[in-house]
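Colleague: These protein sequence lines are chains A and B, in that order.
Under the numbering used here, the first residue of the first sequence carries the number 1, and numbering increases by one thereafter.
Under the numbering used here, the first residue of the second sequence carries the number 1001, and numbering increases by one thereafter.
Glycine included, each C-beta is placed from N, C-alpha and C at the ideal position.
The structure under discussion is supplied below as structure tokens; questions concerning it will follow.
There are 2 protein chains.
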Amino acid sequence: MTERKARADAARNREAVLAAADGLFARSDSPRGVSMDQIAAAAGVGKGTLFRRFGDRTGLIRAVFTARSEAVRAAVDSGPPPLGPATPARDRVPALLDALLVFKLGNRHLSVALEESGGGSPYEAEHYGWWHGVLRDTLAATDAVPDADYASHVLLAAVRADLVEHLVAVEGMSGEEIRGRLGEYVGKVLG
Amino acid sequence: MTERKARADAARNREAVLAAADGLFARSDSPRGVSMDQIAAAAGVGKGTLFRRFGDRTGLIRAVFTARSEAVRAAVDSGPPPLGPATPARDRVPALLDALLVFKLGNRHLSVALEESGGGSPYEAEHYGWWHGVLRDTLAATDAVPDADYASHVLLAAVRADLVEHLVAVEGMSGEEIRGRLGEYVGKVLG
DNA sequence: TCGTCAAACGGACCGACAGTCCGAATCGTA
DNA sequence: TACGATTCGGACTGTCGGTCCGTTTGACGA
Chain A
1 MTERKARADA ARNREAVLAA ADGLFARSDS PRGVSMDQIA AAAGVGKGTL
51 FRRFGDRTGL IRAVFTARSE AVRAAVDSGP PPLGPATPAR DRVPALLDAL
101 LVFKLGNRHL SVALEESGGG SPYEAEHYGW WHGVLRDTLA ATDAVPDADY
151 ASHVLLAAVR ADLVEHLVAV EGMSGEEIRG RLGEYVGKVL G
Chain B
1001 MTERKARADA ARNREAVLAA ADGLFARSDS PRGVSMDQIA AAAGVGKGTL
1051 FRRFGDRTGL IRAVFTARSE AVRAAVDSGP PPLGPATPAR DRVPALLDAL
1101 LVFKLGNRHL SVALEESGGG SPYEAEHYGW WHGVLRDTLA ATDAVPDADY
1151 ASHVLLAAVR ADLVEHLVAV EGMSGEEIRG RLGEYVGKVL G
């Protein structure tokens, strides 16, 4: 509709900021340790630019996160089994949770950043609503639990970023161990 | 050991700060909206006092939380069934989780404050370690799950303060509903 | 190629807040 | 009452998220 012209430098800067933020979060131990000034500096961009493009800190983190998670979401939306929509519900539930877990294992710091700076509550982020919707619908199709909505929330809580981070960093579990345990656990819940 | 004499005003101020903080957190929607200056002012105390007694913001929140949760912890430690140690493990697991849920329902804002300002990760707080220990040991005695340690983490994730807050404030569930759902869910996990 | 102007840039600036510091006030004791 | 140890309190500091506005730049028509 209102198709103005996109400026070349604007697009370039956007990518630079995304990349810089991604790198900084990945390197830093705590998301709190990464300031907006640092991101701006690392991206070779003024602070004003950064806030104009992304609104605020939360918006920036969400943008980085969204960019990173495009692949998983596409696989769930329209990929082949066991993630895609054609999968039998009973097989898809564990596949969904495993995929989300694997993603968080591979993007631990970024995920923690999203959940803790994500506008107060992680539950407000669009990304959570999306996963919850998919999981709820799939779960409802299995008839395994009395309240698919509630069960989805609780199952998603099992793969929260800070829990995963704790299991890996403090308890020393490997990614594969966690995946195994989660699989057993989900199996039990599905009955 | 190093039992010097406690000054009367020091003790009085400590109580005043605890009470003021408790009240402010309970009233405020978001823990972020409560500043140390506000707490100091509400307690009729200087900021220096506040930081000397509690070290930092996290220390203060933990102190308030600890004071509030003394009763539950005593009930678990040495109370009668179904919470106390004499309870059969299979009955105690749901009782423990229900007690924790009820506590969080009654202290929603304070709990959220602890989990989000609790020194980066909620898992570092002493209070988490304690609950996890009790739950793990009880769970291990039931032989219901292959890995009691992991299962405890995941079950505790089901009663995280921000999830409870979300279910109540956004999804409009009542406390009783949540308790019911949690009970069913735990039952499924115990098999 | 050049002129025009909306859009984008960047960094100085602001307000808020956690945490520090030290002279002043206060308590317990002899 | 006098004295020393302990605690008080609020001015002060450094940092950080977010804003503002004068300057620059890129797209496009002539």
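(1) Per DSSP, what kind of secondary structure is ALA157 of chain A in: helix, strand or coil?
(2) With a threshold of 8 Å between beta carbons, is ASP9 of chain A in contact with chain B?
(3) In or out: GLU1015 of chain B buried (at least 16 other Cβ within 10 Å) or exposed?
(4) Who are the near neighbours of LEU1105 of chain B in its chain, counting only those whose CB is closer than 6 Å to its CB and skipping five residues on each side?
(5) Looking at THR142 of chain A: is its Cβ nearer than 8 Å to the Cβ of LEU190 of chain A?
(6) Could you list the residues in the segment 28–62 of chain A with a C-beta less than 8 Å from some C-beta on chain B, going in chain order?
(7) From the DSSP output, in three-state form, read off ARG7 of chain A for me.
(8) Quick check on this structure: which residue in B:ALA1043, B:SER1078, B:ALA1010 has the alpha carbon closest to the alpha carbon of ALA950 of chain B?
(9) ARG1062 of chain B lies in the alpha helix (DSSP H); which residues open and close that run?
(10) Can the beta-carbon of ARG181 of chain A be found closer than 8 Å to that of TYR1150 of chain B?
(11) Looking at the secondary structure, which residues open and close the alpha helix (DSSP H) in which LEU83 of chain A lies?
(12) What is the rounded straight-line gap between the Cα of LEU24 of chain A and the Cα of VAL34 of chain A?
(13) May I ask you to report which of helix, strand or coil DSSP gives GLY1191 of chain B?
(14) Roughly how many angstroms lie between the CA atoms of SER1030 of chain B and ALA21 of chain A, to the nearest whole one?
(15) Nearest to SER69 of chain A by CA position, among A:ILE178, A:GLY183, A:PHE103, A:ALA26, is which residue?
(16) Taking the straight line between their C-alpha atoms, what separation do you get for GLY1079 of chain B and PRO94 of chain A?
(17) May I have the straight-line CA-CA distance separating LYS1188 of chain B from LYS188 of chain A, to the nearest angstrom?
(18) Just to confirm my understanding: we take ARG1092 of chain B, look at its own chain, exclude 5 residues before and 5 after, and list those with CB closer than 6 Å. What are they?
(19) Check GLY1120 of chain B in the structure and name its three-state DSSP category.
(20) DSSP three-state call for ASP29 of chain A: helix, strand or coil?
(21) Is it buried or exposed, GLY1120 of chain B, if we count other Cβ atoms within 10 angstroms and call 16 or more buried?
(22) Could one say the Cβ of LYS104 of chain A lies closer than 8 Å to chain B's Cβ atoms, at least one of them?
(23) Assuming PRO1146 of chain B is part of the alpha helix (DSSP H), what are its boundary residues?
(24) Going by Cα to Cα distance, which pick from B:LEU1135, B:HIS1166, B:LEU1156, B:ASN1013 is closest to THR1087 of chain B?
(25) With respect to the alpha helix (DSSP H) encompassing ALA40 of chain A, which residues constitute its N-terminal and C-terminal limits?
(26) Going by alpha carbons, who is nearest to ASP1147 of chain B out of A:TYR123, A:VAL76, A:ALA144, A:GLU184?
(27) Determine the extent of the alpha helix (DSSP H) in which VAL1134 of chain B is found, giving its start and end residues.
(28) For a cutoff of 8 Å on Cβ pairs, would you count LEU96 of chain A as touching chain B?
(29) Strictly under 8 Å for the Cβ-Cβ distance: is VAL1170 of chain B near chain A by that measure?
(30) Assuming ARG1160 of chain B contacts LEU1114 of chain B (C-beta within less than 8 Å), just tell me the rounded distance between them.
(31) Out of A:ALA144, A:GLY55, A:VAL164, which one is the CA nearest neighbour of ALA89 of chain A?
(32) Assign SER1174 of chain B to one of three DSSP states: helix, strand, or coil.
(33) Looking at chain B, which residues of the segment 128–154 of chain A have a Cβ within less than 8 Å of any of its Cβ atoms?
(34) Is the beta carbon of LEU110 of chain A closer than 8 Å to that of ALA26 of chain A?
(35) Can you name, in chain order, every residue of its own chain whose Cβ lies under 8 Å from the Cβ of VAL1164 of chain B, other than the five neighbours on each side?
(36) Using the Cα positions of ASP1098 of chain B and ALA99 of chain A, report the straight-line distance between them to the nearest angstrom.
Modeller: Checking against the coordinates, here is how it stands:
(1) Here the question's residue 157 of chain A lines up with position 157 in the first sequence. Helix, per DSSP.
(2) Residue numbering aside, residue 9 of chain A sits at position 9 when the first sequence is read from its first letter. At a cut-off of 8 Å between beta-carbon atoms, ASP9 of chain A makes no contact with chain B.
(3) Here residue 1015 of chain B is taken as the residue at index 15 of the second sequence, counted from 1. Exposed, since its Cβ has fewer than 16 Cβ neighbours within 10 Å.
(4) Taking the second sequence and counting its residues from 1, the one referred to as residue 1105 of chain B is at position 105. For LEU1105 of chain B, where only same-chain residues beyond five positions count, the Cβ hits under 6 Å are GLY1175.
(5) Counting from 1 along the first sequence, the entry for residue 142 of chain A is found at position 142. Counting from 1 along the first sequence, the entry for residue 190 of chain A is found at position 190. In contact: THR142 of chain A and LEU190 of chain A (Cβ atoms closer than 8 Å).
(6) Residues of the segment 28–62 of chain A with a C-beta atom less than 8 Å from some C-beta of chain B are SER30, ARG32, listed in chain order.
(7) What you label residue 7 of chain A is simply residue 7 of the first sequence in a count that begins at 1. The three-state reading of DSSP puts ARG7 of chain A in coil, since its state is none of H, G, I, E or B.
(8) Absent from the structure is residue 950 of chain B, since the part of chain B shown begins at 1001 and ends at 1191.
(9) For the purposes of this step, residue 1062 of chain B is identified with residue 62 of the second sequence, where counting begins at 1. Per DSSP, ARG1062 of chain B belongs to the alpha helix (DSSP H) from 1057–1078.
(10) Within the first sequence, the letter at position 181 stands for residue 181 of chain A. Within the second sequence, the letter at position 150 stands for residue 1150 of chain B. In this structure, ARG181 of chain A lies near TYR1150 of chain B, with their beta-carbon atoms less than 8 Å apart.
(11) Indexing the first sequence from 1 puts residue 83 of chain A at position 83. Premise fails: LEU83 of chain A is in no alpha helix (DSSP H) and is neither H nor E.
(12) As a working note, residue 24 of chain A is residue 24 in the first sequence. As a working note, residue 34 of chain A is residue 34 in the first sequence. In a straight line, the C-alpha of LEU24 of chain A is about 7 Å away from that of VAL34 of chain A.
(13) Position 191 of the second sequence, counted from the first residue, corresponds to residue 1191 of chain B. Of the three classes helix, strand and coil, the one that applies to GLY1191 of chain B here is coil, per DSSP.
(14) Position 30 of the second sequence, counted from the first residue, corresponds to residue 1030 of chain B. Position 21 of the first sequence, counted from the first residue, corresponds to residue 21 of chain A. C-alpha separation (whole angstroms): 27 Å.
(15) In the first sequence, the residue the question calls residue 69 of chain A occupies position 69. Selected option, being the one with the closest Cα: A:PHE103.
(16) Locating residue 1079 of chain B in the second sequence gives position 79, where the first residue counts as 1. Locating residue 94 of chain A in the first sequence gives position 94, where the first residue counts as 1. About 39 Å.
(17) Within the second sequence, numbered from 1, the residue matching residue 1188 of chain B stands at position 188. Within the first sequence, numbered from 1, the residue matching residue 188 of chain A stands at position 188. Counting only the Cα atoms, LYS188 of chain A lies some 7 Å from LYS1188 of chain B.
(18) Translated into positions along the second sequence, residue 1092 of chain B becomes position 92. Exclusion of the five residues before and after ARG1092 of chain B leaves THR1138 as the residues of its chain whose Cβ lies within less than 6 Å of its Cβ.
(19) Along the second sequence, one-based indexing puts residue 1120 of chain B at 120. Looking at GLY1120 of chain B - three-state DSSP - the assignment turns out to be coil, as it is neither helix nor strand.
(20) Looking up residue 29 of chain A in the first sequence gives position 29. In this structure, DSSP gives ASP29 of chain A a state outside helix and strand, which the three-state scheme calls coil.
(21) Taking the second sequence and counting its residues from 1, the one referred to as residue 1120 of chain B is at position 120. It counts as buried.
(22) Here residue 104 of chain A refers to the residue found at position 104 of the first sequence. Taking Cβ atoms only, chain B never reaches closer than 8 Å to LYS104 of chain A, which makes this a no.
(23) In the second sequence, the residue the question calls residue 1146 of chain B occupies position 146. No alpha helix (DSSP H) contains PRO1146 of chain B, which DSSP labels as neither H nor E.
(24) What you label residue 1087 of chain B is simply residue 87 of the second sequence in a count that begins at 1. Comparing Cα positions, the closest option is B:LEU1135.
(25) Within the first sequence, residue 40 of chain A is the residue found at index 40, counting from 1. Note, ALA40 of chain A: alpha helix (DSSP H), 36–43.
(26) The count along the second sequence starts at 1 and reaches residue 1147 of chain B at position 147. Nearest option by C-alpha distance: A:GLU184.
(27) Against the second sequence, residue 1134 of chain B aligns to sequence position 134. If you look at VAL1134 of chain B, you'll find it in the alpha helix (DSSP H) that goes 1126–1140.
(28) Taking the first residue of the first sequence as position 1, residue 96 of chain A is located at position 96. Interface flag for LEU96 of chain A against chain B is unset, since no Cβ pair is found closer than 8 Å.
(29) Residue numbering aside, residue 1170 of chain B sits at position 170 when the second sequence is read from its first letter. It does: the Cβ of VAL1170 of chain B has a partner Cβ on chain A nearer than 8 Å.
(30) Here the question's residue 1160 of chain B lines up with position 160 in the second sequence. Here the question's residue 1114 of chain B lines up with position 114 in the second sequence. Between ARG1160 of chain B and LEU1114 of chain B a beta carbon distance of about 11 Å is seen, past the 8 Å cut, so the two are scored as non-contacting.
(31) Position 89 of the first sequence, counting from 1, holds the residue named residue 89 of chain A. When each option's Cα is compared against that of ALA89 of chain A, the closest is A:ALA144.
(32) For the purposes of this step, residue 1174 of chain B is identified with residue 174 of the second sequence, where counting begins at 1. Here SER1174 of chain B carries a coil assignment [DSSP, helix/strand/coil].
(33) Look at the segment 128–154 of chain A: the residues with a C-beta under 8 Å from a C-beta of chain B are VAL145, PRO146, ASP147, ASP149, TYR150, ALA151, HIS153, VAL154.
(34) Stepping through the first sequence from its first residue, residue 26 of chain A is reached at position 26. Stepping through the first sequence from its first residue, residue 110 of chain A is reached at position 110. Yes; because the gap between Cβ atoms is below 8 Å, this pair is in contact.
(35) Stepping through the second sequence from its first residue, residue 1164 of chain B is reached at position 164. Closer than 8 Å at Cβ, skipping near neighbours: LEU1101, LYS1104, LEU1105, ARG1108, SER1111, ILE1178.
(36) As a first step, residue 1098 of chain B must be located in the second sequence, where it is residue number 98. As a first step, residue 99 of chain A must be located in the first sequence, where it is residue number 99. Distance between the alpha carbons of ASP1098 of chain B and ALA99 of chain A is about 30 Å.
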